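Structure first, commentary second.
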Amino acid sequence: MNRLRLWLLAVGGAGLAALLVAACLDLPGFGGSRHPYGDRAVRAALSRHTANTIASVNFDQRAYDTLGEMSILFAAVLGCVVLLREARDEHRARPEPADVARPVRRYALLVLPVALVTGLYVIAHGQLSPGGGFQGGVVAATALHLLYLGADYHALERVRPLGVYETTDALAVSSYLVLGAAGILAGTAFLANTLLPYGTFNTLSSGGTVPLLNAAIGMEVASAVVVLLAHFLDQAVEIEEEHGRGTP
Amino acid sequence: MHVLPYPVAAYIFLTGCYGLATSRNLIHAVGCLAVCQSATYVLLLAVGYRDGGTAPVFSDMKPGSRPLVDPVVQALTLTDVVVGATVTALLLALVLQIAKRHGTVDPDELRELRG
Amino acid sequence: MNGWILAATVELGGGGAAALWGVTTGPPARRVVAQNLTTSAVCPALLLLAQGYGRPSYVDLALLLALLGPVGTLVFARLLSDDLAGERPGAWPLTWTAAGLGAAVVLALCVAGAPGRATVKLLVIGALLISGNVIASRALAGGYRGVRGG
Amino acid sequence: MSDALIVVVLLLVAGSATAAVAQRDPARQALVLSFLGVLLAALFTVLQAPDVGLSQLAVGSALTPLLIMLSVRKIRRRGRSEEEDG
Chain A
4 MNRLRLWLLA VGGAGLAALL VAACLDLPGF GGSRHPYGDR AVRAALSRHT
54 ANTIASVNFD QRAYDTLGEM SILFAAVLGC VVLLREARDE HRARPEPADV
104 ARPVRRYALL VLPVALVTGL YVIAHGQLSP GGGFQGGVVA ATALHLLYLG
154 ADYHALERVR PLGVYETTDA LAVSSYLVLG AAGILAGTAF LANTLLPYGT
204 FNTLSSGGTV PLLNAAIGME VASAVVVLLA HFLDQAVEIE EEHGRGTP
Chain B
1061 MHVLPYPVAA YIFLTGCYGL ATSRNLIHAV GCLAVCQSAT YVLLLAVGYR
1111 DGGTAPVFSD MKPGSRPLVD PVVQALTLTD VVVGATVTAL LLALVLQIAK
1161 RHGTVDPDEL RELRG
Chain C
10 MNGWILAATV ELGGGGAAAL WGVTTGPPAR RVVAQNLTTS AVCPALLLLA
60 QGYGRPSYVD LALLLALLGP VGTLVFARLL SDDLAGERPG AWPLTWTAAG
110 LGAAVVLALC VAGAPGRATV KLLVIGALLI SGNVIASRAL AGGYRGVRGG
Chain D
988 MSDALIVVVL LLVAGSATAA VAQRDPARQA LVLSFLGVLL AALFTVLQAP
1038 DVGLSQLAVG SALTPLLIML SVRKIRRRGR SEEEDG
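Spelled out as structure tokens, the structure:
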């Protein structure tokens, strides 16, 4: 059985490898100078005064696509919450506080605000320099968990009212939708960037709705990651199964 | 050099697939899937690269002063990296559920349990 | 193209290969030390690349790595503390060498660039990188004792 | 010169991807995956995609390892409590 499976894998892998290599040889050469879509995207971004073309593609030219990505993210987090909830045959045991060396604890508490501010900076400058809601959100959420690494889980739980983050997550998703629908009300299309003035090139308020959508994504990603990690931490640290029942 | 990144992406993908198929631990399998995902990032960004180009980000340079790489593939990859991580989390949550229901994370043992 | 990129190539090639070798072989203690050194090998290389490409905005990458790299090491130090309990991997000579390398790169870039906000940012990154690495090494060398269930 | 840099980083990425698959213990694999994450970020910088590099750094250096290590810990704890049980 196992032998057969390995053979099957080898044959399938060899076939796939041959196809992939054939495809690679047919692709336009690496580093070529023909990028029709890229050139048009850059022109469109400049015409809308967005300094970071990638942010413009994400939140303006292909904002609808980002809506899809955001729903995948939202659904994945929802799935995790459902899968990792406390079941009837489980109970919470209070973890013993960890014994963390003093320099490590100090470092964590010092770096926590720095990392949070960096995350917010990355979100806020998304339409200007490299960065944006997706990256900054993850950084800000990870920063919060320095509290778990530097102190213990109980300390983290005190600054992390989970309900607030779950609400923020849902609010951020709906604000993205509302911003999109505002385009329809203004007489153009869903998620069309015609609502706000484009502003001065390379300033924080440039790009029309790009900064707003960017901020909504930042909020969504940050609270989604916090909720996600909260459930994993609950499972790994607090929740224990009742003994003596055995597995079904 | 003119095609090197494409075969590398294909190689990473196939390596990840090999790991997925031969894995004896579901957490390890999820890690292999993350390797497969990274192959797609490499491929997409390699397609968008331009010799001597730089990122189409104008916070610190004048538009039109240098050749630019393709921003469209970068936008695709950028969202996928973060969404991919949450999907990894979803799969890990599934693994934890399986461990709870069946008491094992070895795919072969799981099959024996079933039939 | 220029000296900065050449330096980055050497740093990434040498440091990356060494870290890859360390992280894939040997006992767990050696692996986590190698994982910690990844940060101090790649972060200066990112700074050098930003200078070599003439794009100050690429410096954000180094800033993020200097912040989050040690956090990743702390994750392993905390959650692998059972496996590391008997071994106390410290590797202080390596840590200080890496810190010195980071400091040298940051100083070189400070001298090369005009003084101003960019210099302050570079110094902040340097401070974060070095302190992060030293603290992460400390955490690996028995920074977490008695983590039971926590 | 730029080409040499791209080749070096690509080969390192390919090597660490192989290593990540070859490590059969999930905790050790998580170490290699975090290394692979940082290296991918360097590759993306070299390919002039700093936005993607930032994304990869944020996810690969701390978040994915944390998720995997927490799962490993949960499963190890289960194993331990079952041993104590019977």
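Respectively, the protein sequence lines represent chains A, B, C and D. Each residue of the first sequence is one higher than the one before, starting from 4 at the first, in my numbering. Each residue of the second sequence is one higher than the one before, starting from 1061 at the first, in my numbering. Each residue of the third sequence is one higher than the one before, starting from 10 at the first, in my numbering. Each residue of the fourth sequence is one higher than the one before, starting from 988 at the first, in my numbering. C-beta: ideal position from N, C-alpha, C; glycine also. Keep in mind the model is a prediction, meaning the values are calculated, not measured.
For the 8 angstroms CB-CB criterion, Thr106/C and Ala145/C do not form a contact.
Scanning Val1141/B, Thr1137/B, Thr1146/B and Leu1150/B for the CA closest to the CA of Val1107/B turns up Thr1137/B.
Contact note: Val1039/D does not reach chain C at a C-beta cutoff of 7 angstroms; the least C-beta distance is about 10 angstroms. Three or more Cβ pairs closer than 8 angstroms define a contact, and the stretch 1048-1058 of chain D meets that threshold against the stretch 1014-1032 of chain D.
Listed along the chain, the chain B residues whose CB falls inside 7 angstroms of the CB of Asn205/A are Phe1118 and Ser1119. Assigned with DSSP and collapsed to three states, Asp172/A falls in helix. At a Cβ-Cβ threshold of 8 angstroms, Leu55/C and Leu74/C count as neighbours.
Taking a Cβ-Cβ cut-off of 8 angstroms, the neighbours of Ala239/A in chain D comprise Leu1057, Ser1058, Arg1060, Lys1061 and Arg1064, given in sequence order. Neighbours of Val141/A in chain D, taken as residues at a C-beta separation under 8 angstroms, are given in chain order as Ser1042, Ala1045, Val1046 and Leu1050. Residue pairing by DSSP puts His94/A in a beta bridge opposite Glu243/A. Ala1009/D and Leu93/C have their C-alpha atoms spaced approximately 22 angstroms apart. Ala17/C is the residue among Arg147/C, Ala17/C, Ala113/C and Val133/C whose C-alpha sits nearest the C-alpha of Ala59/C. By the CB criterion at 8 angstroms, Asp1130/B and Gly41/A fall inside the cutoff. Phe193/A is outside the set of residues whose beta carbon lies under 8 angstroms from a beta carbon in chain B. Not flagged as an interface residue toward chain D: His1162/B, since no C-beta distance is shorter than 8 angstroms. By the neighbour-count definition (other C-beta atoms within 10 Å, threshold 16), Lys1160/B is a buried residue.
When secondary structure is reduced to three states using DSSP, Val115/C falls in the helix class. Those residues of the stretch 59-77 of chain C placed with their C-beta closer than 8 angstroms to a C-beta in chain A are Ser66, Tyr67, Asp69, Leu70, Leu72, Leu73, Leu76 and Leu77, ordered along the chain. In the structure shown, Gly35/C adopts coil according to DSSP, grouped into three states. The C-alpha of Ser1098/B is placed about 19 angstroms away from the C-alpha of Gly78/C.
The residue from Asp990/D, Phe1031/D, Ser1042/D and Leu1034/D with its alpha-carbon nearest to that of Ala143/A is Ser1042/D.
Taken through DSSP and simplified to helix, strand or coil, Val1117/B comes out as strand.
By the CB criterion at 8 angstroms, Val80/C and Thr145/A fall inside the cutoff. Distance from the Cα of Gly134/A is smallest, within the candidate group Thr53/A, Ala58/A, Ser50/A and Val14/A, for Ala58/A. Collapsing the DSSP output to three states places Asp1012/D in coil.
Within chain C, the residues placing a beta-carbon under 9 angstroms from that of Ala1115/B are Tyr62, Arg64, Ser66 and Tyr67, ordered along the chain.
Scanning Gly190/A, Ala233/A and Ala158/A for the CA closest to the CA of Val80/A turns up Ala233/A. Here Gly63/C carries a coil assignment [DSSP, helix/strand/coil]. A residue is called buried once 16 or more other Cβ atoms fall within 10 Å of its Cβ, and Arg87/C is buried on that count.
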